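J.: My questions will all concern the structure given below.
Following this line, the structure appears as structure tokens:
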């Protein structure tokens with residue numbers, strides 16, 4: 001399922017890149033992709049030794065739920081227009 005999202009993202013970005021820039025764009029996409037999935041997984045592994053596996057997993061899941069809740073809240077609150085901010 002993740003491949004579908006990845007292919008869709010690549011399909012949206014690549015048409016905007018010039019022919020001589022496509023290799024750089026693909027490289028940047030792959031680097032960001034690997035960092036986005038790798039860094040959280042490595043960070044989740046650090047607290048296992050001092051806290052134990054169960055506590056580390058529950059803590060990591062709690063952080064993920066909190067980040068998702070903040071994202072939902074930010075998307076739910078309507079953005080103020082420039083004219084209403086000046087008042």
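In the working numbering, the protein residues as written are 1 to 87.
Where is the CB? At the ideal position from N, CA and C, for every residue including glycine.
The structure displayed is predicted, hence computed values, not measured ones.
1. Report the three-state DSSP secondary structure of residue 26 (helix, strand or coil).
2. Just curious, the alpha helix (DSSP H) that residue 73 is in, first and last residue?
3. With the cut-off set at 9 Å, would you say residue 59 and residue 47 are in Cβ contact?
4. So what does DSSP say about residue 40, is it helix, strand or coil?
5. Going by beta-carbon coordinates alone, are residue 89 and residue 14 separated by less than 9 Å?
6. Alpha carbon to alpha carbon, what distance is there between residue 30 and residue 130?
7. If you compare alpha carbons, which of 49, 40 and 80 is closest to residue 67?
T.: Checking against the coordinates, here is how it stands:
1. As a position in the chain shown, residue 26 is number 26, starting the count at 1. In this structure, residue 26 counts as helix in the three-state DSSP scheme.
2. As a working mapping, residue 73 is identified with position 73 in the chain shown. Here the alpha helix (DSSP H) through residue 73 covers 53–76.
3. To locate residue 59, count along the chain shown from 1; it is residue 59. To locate residue 47, count along the chain shown from 1; it is residue 47. Yes, Cβ-Cβ distance for residue 59 and residue 47 is below 9 Å.
4. Taking the chain shown and counting its residues from 1, the one referred to as residue 40 is at position 40. Note: residue 40 maps to helix in three-state DSSP.
5. Summary: the structure shown does not reach residue 89, with the chain confined to residues 1 through 87, and so no result is reported for it.
6. Nothing can be reported for residue 130: it is not among the residues displayed for the chain, which extend from 1 to 87.
7. Walking along the chain shown from the start, residue 67 turns up at place 67. If we check each option's Cα against that of residue 67, 40 comes out closest.
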